[in-house]
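Notes to accompany the following structure.
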Amino acid sequence: MRSLSVVGGIYRERCLQPTWDAVLGSAGRAAQALGTVKASRKRLHAYMGDRARSEVELLAELADFELVPTDLPFLVLFDYAHTLGDPVISPPIGLMGQRPPLAVKDDVVLRYGMLEGDAVVAANIAVYDPQSAFGAAAFTANGSSAKRLAVVLNRLEMRSITGEEDPRAGADWLFRNDGAEVVVLKMGALGARVITPDGAWEIPLYRSERVWKLGSGDVFSATFAAMWALEDMAPDDAADIASRATAWYCGHRALPTPDAATLATMPFEQVRPGTGRIYLAAPFFDLGQRWLVEEGRRALLQAGAQVFSPIHEVGPGAAEVVALADLAGIEDCDVLLAIINGMDPGTVFEAGYAIRKGIPVVALAENSREEDLKMFVGSGATVTNDFATAIYQAVWRLPR
Numbered sequence: 001m002r003s004l005s006v007v008g009g010i011y012r013e014r015c016l017q018p019t020w021d022a023v024l025g026s027a028g029r030a031a032q033a034l035g036t037v038k039a040s041r042k043r044l045h046a047y048m049g050d051r052a053r054s055e056v057e058l059l060a061e062l063a064d065f066e067l068v069p070t071d072l073p074f075l076v077l078f079d080y081a082h083t084l085g086d087p088v089i090s091p092p093i094g095l096m097g098q099r100p101p102l103a104v105k106d107d108v109v110l111r112y113g114m115l116e117g118d119a120v121v122a123a124n125i126a127v128y129d130p131q132s133a134f135g136a137a138a139f140t141a142n143g144s145s146a147k148r149l150a151v152v153l154n155r156l157e158m159r160s161i162t163g164e165e166d167p168r169a170g171a172d173w174l175f176r177n178d179g180a181e182v183v184v185l186k187m188g189a190l191g192a193r194v195i196t197p198d199g200a201w202e203i204p205l206y207r208s209e210r211v212w213k214l215g216s217g218d219v220f221s222a223t224f225a226a227m228w229a230l231e232d233m234a235p236d237d238a239a240d241i242a243s244r245a246t247a248w249y250c251g252h253r254a255l256p257t258p259d260a261a262t263l264a265t266m267p268f269e270q271v272r273p274g275t276g277r278i279y280l281a282a283p284f285f286d287l288g289q290r291w292l293v294e295e296g297r298r299a300l301l302q303a304g305a306q307v308f309s310p311i312h313e314v315g316p317g318a319a320e321v322v323a324l325a326d327l328a329g330i331e332d333c334d335v336l337l338a339i340i341n342g343m344d345p346g347t348v349f350e351a352g353y354a355i356r357k358g359i360p361v362v363a364l365a366e367n368s369r370e371e372d373l374k375m376f377v378g379s380g381a382t383v384t385n386d387f388a389t390a391i392y393q394a395v396w397r398l399p400r
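Every letter in the sequence shown is one number past the one before it in the working numbering, and letter 199, counting from 1, is 199.
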């Protein structure tokens, strides 16, 4: 049985909606995810200050990890408005400085990129998640070494490290220059792609009823490391279990996930990406309303959807002009996402028009009474009180 070390950031995370306040970060969340995984010894390496020590000690104890802390005079804070938003990081990255690197040697090492420092790894088997879209570094750039290496990263991280847009070209760069044996490219709504020198496999994204995105990538990398590096599973099978574990985590907001055998038999529905345009129906008459429209539009575009937003596509104007243009926009769309906080009459009308036209409707209702939602629910609309879930449900309704 192999020994395991996890090294990465331990940060405080706060989210306004849904409410969240926890000291986790990538390394802390990975320890939770690997709490039931068997290894001869499990160690958690991280920078941390006294403000987080007691919470992390309890986390490590519950997950059966030995804590190996290195002093840090502050606790890094990530503040999110919602789980698809960009966090406000404190202290600012430019003022954080870089601590001397952590030295981690073990049979298996799961290494995450960090803001406040770095980790130089010596491992028989390593899994590396760079955790940085800008300025991401190759695994070996800081002197790290591994006899076997898997790199788990997204498209932005691959481009940052390799300079390549094409997945195969980027993977070949990592095989050639970083000594990687496996590359797992995370592609958001398109799932993941496992690439080796001899082949490539598409890994599906699995649907969850609710979508808790905070830390989902951490869970994917941790589960992949457990399956591939500790259980000797083939990389494509390991990535499939990791995708299932991530879907379970997104739906339950809890760790650890069920074991691999249980996950493999769970009836997860594969998400088959569709294409098309989403009509974003929402009021935009004050700063709060307009901010939510902007956040929704940005999230939909980042998920790969085309978006028709009336305030962007039509703009303000006379009722007889705006109404006709908006209704034409609905008829030209494949899904309607309605933000019905406050039950704005225009938004409710647009949703009803879409339902009458046979267009799928997803409604975000954060503060609505159940009585007010009867017509939406009764006519087949998908209703949720969570922003990220509404975005994903709308994208998943696009035609294939």
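Quick reminder that beta carbons are idealized off the backbone N, C-alpha and C, glycines included. Please read these numbers as outputs of a predicted model, since none were measured by experiment.
{"Asked": "Counting Cβ pairs, one atom from each stretch, are 3 or more of them under 8 Å apart for the stretch 182–191 and the stretch 156–172?", "Found": "yes"}
{"Asked": "Would you call Gln302 buried or exposed, if buried means 16 or more other Cβ atoms sit within 10 Å of its Cβ?", "Found": "exposed"}
{"Asked": "Look up Cys15 in the DSSP assignment and say whether it is helix, strand or coil.", "Found": "strand"}
{"Asked": "Take Ala126 as the anchor and find which of Asp50, Ala31, Leu230 has the nearest alpha-carbon.", "Found": "Leu230"}
{"Asked": "I'd like to check one pair, Asp107 with Ser3: are the Cβ atoms closer than 7 Å?", "Found": "yes"}
{"Asked": "If you follow the alpha helix (DSSP H) that His82 is part of, which residue opens it and which one closes it?", "Found": "Run containing His82: none; DSSP gives neither H nor E here."}
{"Asked": "So what's Gln302 in DSSP terms, helix, strand or just coil?", "Found": "helix"}
{"Asked": "If Pro91 and Phe74 are in contact, beta carbons under 8 Å, what's the gap, nearest whole angstrom?", "Found": "6 Å"}
{"Asked": "Taking DSSP as the reference, what is the three-state secondary structure of Glu209?", "Found": "coil"}
{"Asked": "Can you grab the Cα-Cα spacing for the pair Leu59 / Leu263, in whole Å?", "Found": "24 Å"}
{"Asked": "Can you check whether the CB of Val68 is closer than 7 Å to the CB of His45?", "Found": "yes"}
{"Asked": "Tell me the residue span of the alpha helix (DSSP H) that contains Glu320.", "Found": "319–331"}
{"Asked": "Would you mind working out which of Lys38, Glu294, Glu13, Leu115 sits nearest Tyr47, comparing C-alpha positions?", "Found": "Leu115"}
{"Asked": "Okay, do the stretch 153–165 and the stretch 253–263 touch, 3+ Cβ pairs below 8 Å being the bar?", "Found": "no"}
{"Asked": "Name the two residues that bound the continuous beta strand (DSSP E) containing Met96.", "Found": "Taken as a continuous stretch (DSSP letters only), Met96 belongs to no beta strand (DSSP E), being part of the alpha helix (DSSP H) at 93–96."}
{"Asked": "So does the stretch 51–66 actually touch the stretch 274–289, counting three or more Cβ pairs closer than 8 Å?", "Found": "no"}
{"Asked": "Considering only the alpha carbon of each residue, which of Lys147, Lys213, Glu294 lies closest to Ala123?", "Found": "Lys147"}
{"Asked": "Using a threshold of 6 Å, is the CB atom of Asp118 nearer than that to any non-hydrogen atom of the ligand ZN?", "Found": "Only the bare structure without any ligand can be found here, which leaves the ligand ZN out of the picture."}
{"Asked": "Please determine, among Gln17, Val348, Tyr392, Ala225, the residue with the shortest C-alpha to C-alpha distance to Lys374.", "Found": "Val348"}
{"Asked": "In chain order, what residues of the same chain lie with their CB nearer than 8 Å to the CB of Gly49, ignoring the 5 residues before and after it?", "Found": "Asp71, Leu72, Pro73, Phe74, Leu75"}
{"Asked": "By a C-beta neighbour count over all protein chains shown, 10 Å radius and 16 as the cutoff for buried, is Trp228 buried or exposed?", "Found": "buried"}
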